[in-house]
Structures are given as C-alpha cells and as structure tokens.
Amino acid sequence: MDELLSWGAILGRVAVQFLPVWIALVVTYAVSITFKRRLGLYGKLFDSPVGMIGFGIVMFWVFTALFADQVITHDPLAQFSGMKNKVPGTPLANSPEGQYGWFLFGGDHLARDVFSRMVMGARSVLSIAPAATAFAFMVGITLGVPAGYFGGRLDTSLSFIANLVLAFPVILLFYLLVTPEIRLTGIPVVLAAVLFIFPIIFLTILFNARYFTDPKKRNLYVGIVLVLGFWAYSGLAFNMDPLGVWSMDPNLLNVFVSVVFVNSPTVFRIVRGIVMDLKARDYVAAGQTRGEGPWYIMLWEILPNARGPLIVDFCLRIGYTTILLGTLGFFGLGVAPDSPDWGSTIDDGRKTLSLFPHAAVVPALALMSLVLGLNLLADGLREESLRD
Amino acid sequence: MLTFIARRLGLMLLTAFVLTFVVFFLTNLPPNLEKLARSEGSVRMTDESVAAWIEQNGHGGSVFARYGQWLGVVPGWTRTDDKGVTRGRCIQPRQDPAEAARFCGILQGDWGFSTFFKKDVLPSLSEKLAATGWLMMWVMIVMVPTALVIGVVSGMREGSRTDRVLSTFSIASTATPEYVSGVILVALFASPVTGLSPMLAEWGWIDGRTLFQGAASPDRITFWSFTLPVLTIALYGIGYIARMTRASMTEVMTAQYIRTARLKGVSFGQVVVRHALRNALIAPFTVIMLQFPWLLNGVVIVETLFNYKGFGWTLVQAAGNNDINLLLGCSVVAVFVVLVTQLISDIGYVFLNPRIRLS
Chain P
1 MDELLSWGAI
11 LGRVAVQFLP
21 VWIALVVTYA
31 VSITFKRRLG
41 LYGKLFDSPV
51 GMIGFGIVMF
61 WVFTALFADQ
71 VITHDPLAQF
81 SGMKNKVPGT
91 PLANSPEGQY
101 GWFLFGGDHL
111 ARDVFSRMVM
121 GARSVLSIAP
131 AATAFAFMVG
141 ITLGVPAGYF
151 GGRLDTSLSF
161 IANLVLAFPV
171 ILLFYLLVTP
181 EIRLTGIPVV
191 LAAVLFIFPI
201 IFLTILFNAR
211 YFTDPKKRNL
221 YVGIVLVLGF
231 WAYSGLAFNM
241 DPLGVWSMDP
251 NLLNVFVSVV
261 FVNSPTVFRI
271 VRGIVMDLKA
281 RDYVAAGQTR
291 GEGPWYIMLW
301 EILPNARGPL
311 IVDFCLRIGY
321 TTILLGTLGF
331 FGLGVAPDSP
341 DWGSTIDDGR
351 KTLSLFPHAA
361 VVPALALMSL
371 VLGLNLLADG
381 LREESLRD
Chain Y
389 MLTFIARRLG
399 LMLLTAFVLT
409 FVVFFLTNLP
419 PNLEKLARSE
429 GSVRMTDESV
439 AAWIEQNGHG
449 GSVFARYGQW
459 LGVVPGWTRT
469 DDKGVTRGRC
479 IQPRQDPAEA
489 ARFCGILQGD
499 WGFSTFFKKD
509 VLPSLSEKLA
519 ATGWLMMWVM
529 IVMVPTALVI
539 GVVSGMREGS
549 RTDRVLSTFS
559 IASTATPEYV
569 SGVILVALFA
579 SPVTGLSPML
589 AEWGWIDGRT
599 LFQGAASPDR
609 ITFWSFTLPV
619 LTIALYGIGY
629 IARMTRASMT
639 EVMTAQYIRT
649 ARLKGVSFGQ
659 VVVRHALRNA
669 LIAPFTVIML
679 QFPWLLNGVV
689 IVETLFNYKG
699 FGWTLVQAAG
709 NNDINLLLGC
719 SVVAVFVVLV
729 TQLISDIGYV
739 FLNPRIRLS
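Structure (structure tokens):
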C-alpha cells in the first residue's frame with residue numbers, strides 16, 4: 001500500500017471507480033438499441049457511429065455527475081497533509097482506516113485530490129450548462145419567432161439589440177457583468193427578472209394559442225403554467241419563494257444570468273433566420289387561408305418544423321456554454337474560491353503548470369472531452385435529421 | 389453602394405455610442421466608485437468622506453453628464469475648493485485653470501489617467517496594442533492558410549477518408565477552448581518534467597530544459613517563445629474556419645458549372661483551382677473577419693496564460709484593479725475592432741459575391 005501506482009494500475013483503479021457509470025451506460029445503450037425503431041430521432045442516433053460515440057461521451061459525463069458521490073475517492077474540498085502537488089498514483093500518507101489509499105490523479109497545490117475534484121466538477125458544470133442553454137433558447141425562441149414571422153419594425157429593433165450584445169467581446173462582458181460590485185447594485189436580479197420571465201410567456205402563449213377554442217382546457221394548462229412559473233420565478237429571480245423550494249445563490253445567479261444573456265442573441269438570430277425561411281412555405285399559407293391566428297401558425301406549425309436545426313444547435317450550444325463557464329472559472333469570476341468546477345481548477349493548476357502539470361491537465365481533458373462529445377452528438381443528429 | 393456604406397456607418401456609430409455608454413455605466417457603478425475612492429484616497433475613509441471624495445473628483449452627478457464629459461461633448465467639470473484652488477477634469481496639476489481646455493474626452497484624445505500603469509491611458513494602451521498586434525499577425529499567418537487548406541481539401545471530395553480525418557480534426561479543435569489547448573500544449577512541450585522536453589533533453593537534442601518556452605514577451609519575439617501562444621489561439625479558430633470553408637466548398641462542388649467543366653474534360657485539380665476555389669472562398673472571408681471578436685477572447689486567455697504583456701493582459705489587469713479609465717479605453721478599442729471588422733465583412737461580402745446587387 002506504500003508504493004506509487006503504475007499508469008496501468010491507475011487506469012484500472014479509475015475504471016473501477018467509474019463502475020456505476022459503466023453499468024448505467026450499458027443499460028442505456030442496451031435499452032436504446034433494442035427499441036431504437038420506436039424512439040424517433042433519438043433512436044436514429046444509434047444508426048450513426050459518430051452520433052453514438054458523441055452520445056456515449058456525453059452520457060458518461062451525465063452519469064458521472066449523477067453518481068459523483070459514489071465515484072469520488074475523497075472529499076473534493078478536504079486537504080490531506082503531505083499530499084501537496086503529488087504525482088498521480090501517490091499513496092495517501094498515514095491514511096486512516098476506511099479511507100481510499102491513493103490519490104489516483106495526484107494532489108493539487110492545496111493537497112486536494114485531483115480525481116475527486118474532476119468528478120465533482122462534472123456535477124457543477126452539468127447542473128448549470130444545460131439549464132442556462134435552455135433558458136437562452138426560451139428567450140431566443142420567444143423573441144426570434146415573432147421577429148422572423150412579422151418582420152418590419154419589431155424585427156429591426158430586436159435585431160439591433162441582439163447585434164449590440166453580439167458586438168461585445170464576451171470576456172469584456174463577463175468582466176463587466178460578473179463582479180462582486182455589480183451584485184451590490186442588483187443589476188443581476190433585474191436581468192434575471194427580465195430573462196426568467198420568457199419561459200412563462202412562451203408556455204402561456206403556446207397553450208393559449210392551441211386551446212383558446214376550448215376555454216376549460218386552456219384555463220387548466222395556462223393556470224398550471226402561471227402558478228408553477230411564477231412560483232419558480234419568485235424563488236429563482238428574487239430569492240423570495242414563500243415555500244423556500246426554489247432558490248439560487250447570488251453568485252450562481254450572477255453567472256447563470258450572464259451566460260444566458262450572452263447566448264440568447266445568437267439563438268435569436270438562428271431562430272429568426274429559420275422562421276424567415278419557413279414562413280414562405282405552402283403550409284403556412286394554407287394555415288393563414290384557414291384563418292388560423294399568427295401565434296398558432298408560429299408556435300404549432302412553424303416551430304415543430306424548425307426542430308431539427310434547433311436540436312442540433314442546442315447540443316452545440318451546451319458545449320459552448322460549458323466553454324463559457326470554463327472561461328469564467330479560468331478568470332476566477334463569480335465562483336467560490338474552492339469550487340471544483342473545471343475552469344477554476346485549470347486556473348489553480350496553471351500556476352504550477354510546468355512542474356506539476358497533472359493538476360491542470362486532468363480537468364482540461366475532462367472539459368475538452370465533454371465539449372467534443374457534444375459536438376460529435378450534434379454532428380450525428382444533424383446527419384440523421386437531414387436524412388428524412 | 390454609397391448609400392449602403394453610409395447606412396452601415398450610421399448604424400455602426402449608433403452601436404458604438406450605445407456600447408460605450410453601457411460600458412461607461414457598468415464601470416462607473418456606485419460600488420466601483422467607492423472602491424476607487426478607497427484605493428485613491430485611503431482605505432480607512434468613512435462613508436461620508438468617500439461620498440465627498442466622489443463628489444469632489446467629478447464622479448458625482450448624472451451618469452449621462454459624466455459620459456458626455458468622458459466622450460468630450462460636455463465641458464469637463466471644474467470645482468473650486470475652500471482654499472480657492474480650482475481643480476477640474478481638464479486642468480493639469482500646476483496649470484492655470486484659465487488656460488485649460490473646456491472639453492477633454494476621448495474625442496479630444498484625452499483618454500484619462502490609468503491608476504494601474506500610473507500614466508496616461510493612450511500611450512500605455514497603444515504600446516500594449518502593438519505587442520498584441522505582433523501576436524495577432526502570427527496567428528493570422530498560421531491560422532488562415534491552414535484552415536483554408538484543410539477546408540478546401542476536405543470539401544473537395546465529400547465523404548472521402550481524407551475528409552473524415554480532417555473533419556474530425558476540425559471538430560476536435562473547435563471543442564478545445566484556448567485555456568485547455570494552452571494547458572495541454574505547455575504540458576507537452578514546455579514542461580521540464582512531462583511531455584517531450586525531458587526526453588529531448590536527455591538525448592541532448594535541445595540545450596535548455598524545455599523545447600518551447602511557456603512564457604512569451606513582446607520584447608523578444610522568437611520562434612521558441614511564440615510558437616505555443618500562437619498555436620493556442622490559432623487552433624480554436626482553425627476548426628471553425630475550416631468547417632465553414634468545407635461547407636461552402638462542398639456546396640460549390642455540387643454546382644452545375646463544376647459538372648460541366650468536368651464533363652468537358654478538365655482535370656479534377658484544374659476544376660478545383662480554376663473554377664471552385666474562387667467561389668468557395670467567399671463565405672470563409674466573412675467568417676474570418678467575424679473571427680476577430682473571437683480572437684480577442686483568445687488573446688485575453690492566452691496573454692494571461694503565457695504572461696504576455698499585451699492588450700488582453702491589460703484588460704485583465706484593468707478589470708482586476710478597478711482601473712476605470714483603462715478599462716474604458718480597452719472597451720473602446722475592443723468595440724472599435726469588432727465594429728470595423730463587421731463593416732469590412734459586410735462590404736467585402738457584397739464586393740466578392742456578384743450575385744448580391746444593391747440598388
């Protein structure tokens with residue numbers, strides 16, 4: 001128990017640590033491939049090797065995030081004496097009973113376990129990136145669909161605002177928007193109040209357009225959306241949830257809001273472009289002749305036909321959001337100093353980069369593989385959705 | 389054409405005004421000013437004296453008036469204190485207030501004083517910009533030809549083995565942000581303990597302890613110190629430009645006139661070089677121009693990572709040290725770069741693409 005592990009032994013032990021993840025992956029693949037003909041676009045993914053590899057990598061990290069508590073070997077925040085900057089595979093000095101005996105990927109400059117921090121980093125990244133991307137899509141769709149459909153002055157002014165945000169270099173925007181000072185002024189809360197209302201607006205219009213001829217159903221669906229929506233809204237944006245279920249740390253809110261803010265103009269432009277293309281189709285003209293309302297045509301006829309490119313872009317954008325979150329962490333913006341997220345671990349590790357590269361290289365490879373997986377997945381989806 | 393350019397220019401000016409105002413507003417938030425007061429005055433100032441300091445140094449009043457002063461369209465503030473000494477925005481120390489200019493904003497070339505560099509913003513910024521210019525020049529020299537060659541080669545025979553290999557490379561490179569590729573490149577090539585360097589040093593192939601250097605300086609630009617930073621920035625962009633070039637190349641290769649040329653008996657190489665290339669390079673041109681804002685991100689990350697004292701490094705220092713004037717200066721430069729490249733890309737697209745006609 002006292003010697004350095006060889007690279008083979010390290011990889012073997014890492015593979016054993018990931019056991020729950022492997023089981024989950026095998027189950028997912030077995031089930032999906034068995035039923036792939038009945039699963040629509042998701043099932044078709046399993047016809048393309050690129051898509052399957054990408055999906056595998058993404059699901060590996062998703063399951064890692066889910067089972068992080070079982071996968072880690074040590075507390076990611078605890079410091080262990082004598083383990084500072086130790087190389088991968090170092091046995092734990094004077095370890096107490098029941099403690100895992102090695103630092104599989106070595107120790108960082110504060111004598112914490114690099115492996116466990118990487119695993120926990122997956123959780124912190126994957127709990128923000130997809131949600132932030134989803135919010136950005138809600139904002140982009142809610143504004144982009146009418147802008148593309150109606151055109152005119154609405155389109156001009158919304159496009160101008162989107163271009164304004166896009167003309168900001170992202171890093172400059174982050175340095176301006178994610179600071180402790182700005183949290184004092186309450187600007188993030190205002191931004192959150194504006195951005196978080198879009199999902200509610202979107203769902204309300206969506207259900208109203210579909211069911212306004214059937215008031216009973218309409219009142220039920222819209223009522224559910226409004227009650228649930230404003231309940232979550234009060235907690236997430238203002239931290240004033242009366243029941244205390246929804247809440248968001250002000251730090252996290254700041255990061256989340258800025259990432260949504262940076263992403264939504266691009267989504268807006270994509271959605272607007274697709275809608276402008278689709279509104280010239282015959283089925284839209286047919287809908288207009290039937291006397292259907294503009295919102296019904298937009299949300300129930302055009303939008304479902306735009307789903308292919310939107311799903312592809314959603315995957316790509318989660319990857320891009322991951323990169324943005326990494327950038328924030330890398331510059332130490334808006335994250336707790338001992339947070340295990342990949343960006344800030346890379347930043348911590350780069351100070352000792354030339355002598356002890358493992359502390360920075362491990363999270364760097366993790367981040368890269370996740371983004372690569374998402375890009376491959378998007379590529380596979382694009383190929384498969386173009387086929388029909 | 390002229391009305392098109394004029395309209396674009398007008399829109400650009402409007403955008404520039406709005407953007408600089410937003411930056412001005414965000415850098416001059418009350419908490420930032422309080423922090424400035426405490427760092428310029430004294431840390432142990434009471435809240436009242438902080439408020440007084442802000443008022444006396446021209447940071448009080450409406451944000452629009454201050455923006456106007458900073459821009460140089462509103463006369464700079466002047467204030468005479470109890471001892472009869474008049475100070476003001478445009479009055480230099482030991483200068484007679486009567487001789488001072490009325491307006492002094494960035495339009496007059498007065499970009500303010502940097503509390504971080506302890507000198508005027510304009511000279512320090514231009515010096516750093518020159519340093520970044522060298523870096524960008526080499527990035528462009530490496531990135532653009534590499535990306536175009538990869539894109540054209542993989543796009544000319546869609547679905548071939550070469551195409552698959554090169555496309556995978558492009559996807560991998562777009563999945564690797566600068567802070568990841570930089571870290572991996574340093575670990576591989578510039579670390580005395582891991583990667584290639586220890587091996588090469590043992591064999592006696594290199595004199596120093598590492599193959600490349602993990603830090604760069606604008607004073608000494610050498611192949612060994614510049615390779616890694618340039619590669620780091622270029623890698624991220626190469627993938628993106630290559631994918632765009634590939635997409636446009638595959639589209640062109642399926643066009644009727646290419647088939648006609650092939651059927652006439654022109655060789656494949658001739659078709660690619662003579663017929664396809666020119667039309668396939670229109671779309672990448674726009675993409676390359678629009679890459680500049682992205683490069684700005686890369687520059688900030690790489691200059692921090694390799695401790696290269698250029699524009700990106702300055703931006704980080706300005707933001708980290710609450711140097712409001714310097715940060716504003718950086719923003720003006722960044723916004724200017726972005727807008728000008730957008731304009732060039734729009735106009736260039738119209739010039740290059742004969743199918744677009746403007747009334």
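First to last, the sequence lines map onto chains P and Y. At position 241 of the first sequence (counting the first as 1) the number is 241 in this note's numbering, and the numbers step up by one without a gap. Just add 388 to wherever you are in the second sequence, counting from 1, and you've got this note's numbering. Ideal Cβ positions, reconstructed from N, Cα and C, are used throughout, including at glycine. Bear in mind that the values here come from a model prediction, so they are computed numbers and not experimental data.
N- and C-terminal bounds of the beta strand (DSSP E) containing residue i
| i | result |
| --- | --- |
| residue 467 (chain Y) | 466 to 468 |
Straight-line Cα distance separating residue j from residue i
| i | j | result |
| --- | --- | --- |
| residue 322 (chain P) | residue 701 (chain Y) | 23 Å |
| residue 565 (chain Y) | residue 222 (chain P) | 42 Å |
| residue 699 (chain Y) | residue 719 (chain Y) | 11 Å |
| residue 378 (chain P) | residue 549 (chain Y) | 21 Å |
| residue 489 (chain Y) | residue 464 (chain Y) | 9 Å |
| residue 785 (chain Y) | residue 525 (chain Y) | Since the first residue shown for chain Y is 389 and the last is 747, residue 785 (chain Y) is missing from the structure and cannot be characterised. |
| residue 737 (chain Y) | residue 156 (chain P) | 21 Å |
| residue 105 (chain P) | residue 604 (chain Y) | 29 Å |
| residue 577 (chain Y) | residue 357 (chain P) | 11 Å |
| residue 527 (chain Y) | residue 206 (chain P) | 47 Å |
| residue 114 (chain P) | residue 99 (chain P) | 16 Å |
| residue 613 (chain Y) | residue 273 (chain P) | 44 Å |
| residue 37 (chain P) | residue 382 (chain P) | 18 Å |
| residue 376 (chain P) | residue 556 (chain Y) | 9 Å |
| residue 547 (chain Y) | residue 559 (chain Y) | 15 Å |
| residue 59 (chain P) | residue 25 (chain P) | 7 Å |
| residue 271 (chain P) | residue 445 (chain Y) | 48 Å |
| residue 151 (chain P) | residue 703 (chain Y) | 38 Å |
| residue 29 (chain P) | residue 53 (chain P) | 11 Å |
| residue 1 (chain P) | residue 681 (chain Y) | In this predicted model, residue 1 (chain P) has a pLDDT of only 49, less than 50, meaning its place in the structure is not dependable; the value taken from the coordinates is given anyway. Roughly 53 Å between the two C-alpha positions. |
| residue 177 (chain P) | residue 260 (chain P) | 12 Å |
| residue 731 (chain Y) | residue 670 (chain Y) | 15 Å |
| residue 429 (chain Y) | residue 534 (chain Y) | 53 Å |
| residue 242 (chain P) | residue 233 (chain P) | 11 Å |
| residue 387 (chain P) | residue 41 (chain P) | 11 Å |
| residue 292 (chain P) | residue 46 (chain P) | 38 Å |
| residue 258 (chain P) | residue 328 (chain P) | 10 Å |
Contacts around residue i, its chain only, beta-carbon distance under 6 Å, and the 5 residues preceding and following it disregarded
| i | result |
| --- | --- |
| residue 705 (chain Y) | 504 |
| residue 517 (chain Y) | 699 |
| residue 198 (chain P) | 138, 139, 142 |
| residue 209 (chain P) | 295, 296, 299 |
| residue 554 (chain Y) | 538, 542 |
Boundaries of the alpha helix (DSSP H) in which residue i is found, first to last residue
| i | result |
| --- | --- |
| residue 539 (chain Y) | 509 to 544 |
| residue 380 (chain P) | 358 to 387 |
| residue 759 (chain Y) | Limits of chain Y in this structure are 389 at one end and 747 at the other, which puts residue 759 (chain Y) out of reach. |
| residue 427 (chain Y) | 418 to 428 |
| residue 347 (chain P) | 342 to 350 |
| residue 712 (chain Y) | 712 to 740 |
| residue 315 (chain P) | 307 to 330 |
| residue 681 (chain Y) | 670 to 693 |
| residue 409 (chain Y) | 390 to 415 |
| residue 639 (chain Y) | 611 to 641 |
| residue 112 (chain P) | First-last for residue 112 (chain P): undefined, no H or E at that position. |
| residue 100 (chain P) | No alpha helix (DSSP H) holds residue 100 (chain P); DSSP gives it neither H nor E. |
| residue 161 (chain P) | 152 to 167 |
| residue 496 (chain Y) | Where residue 496 (chain Y) is concerned, there is no enclosing alpha helix (DSSP H), given that its DSSP letter is neither H nor E. |
Own chain partners of residue i with C-beta closer than 8 Å, once the 5 adjacent residues on each side are dropped
| i | result |
| --- | --- |
| residue 317 (chain P) | 133, 136, 137, 263, 266, 267 |
| residue 458 (chain Y) | 412, 493, 494, 500, 716 |
| residue 4 (chain P) | 87, 89, 90, 91 |
Distance between beta carbons of residue j and residue i, contact taken as under 8 Å
| i | j | result |
| --- | --- | --- |
| residue 112 (chain P) | residue 79 (chain P) | 6 Å |
| residue 71 (chain P) | residue 18 (chain P) | 6 Å |
| residue 407 (chain Y) | residue 687 (chain Y) | Their Cβ separation, rounded to whole angstroms, is 19 Å, which puts residue 407 (chain Y) and residue 687 (chain Y) out of contact at 8 Å. |
Other residues of its chain near residue i: CB distance less than 7 Å, five sequence neighbours each side excluded
| i | result |
| --- | --- |
| residue 73 (chain P) | 17, 100, 104, 113, 115, 116 |
| residue 315 (chain P) | 374, 377, 378, 381 |
Proximity test, residue i beta-carbon vs the ligand FMN heavy atom, cut-off 7 Å
| i | result |
| --- | --- |
| residue 454 (chain Y) | Judged by which ligands are present, the structure shown has none, so any question about the ligand FMN falls away. |
- Message: Could you tell me which whole alpha helix (DSSP H) segments of length 4 or greater appear in the region 203 to 244 of chain P?
- Response: 215 to 238
- Item | Contiguous alpha helix (DSSP H) assignments of at least 4 residues, all confined to the region 248 to 300 of chain P | 250 to 278, 282 to 289
- Item | Uninterrupted alpha helix (DSSP H) stretches inside the region 568 to 606 of chain Y (no shorter than 4 residues) | 585 to 591
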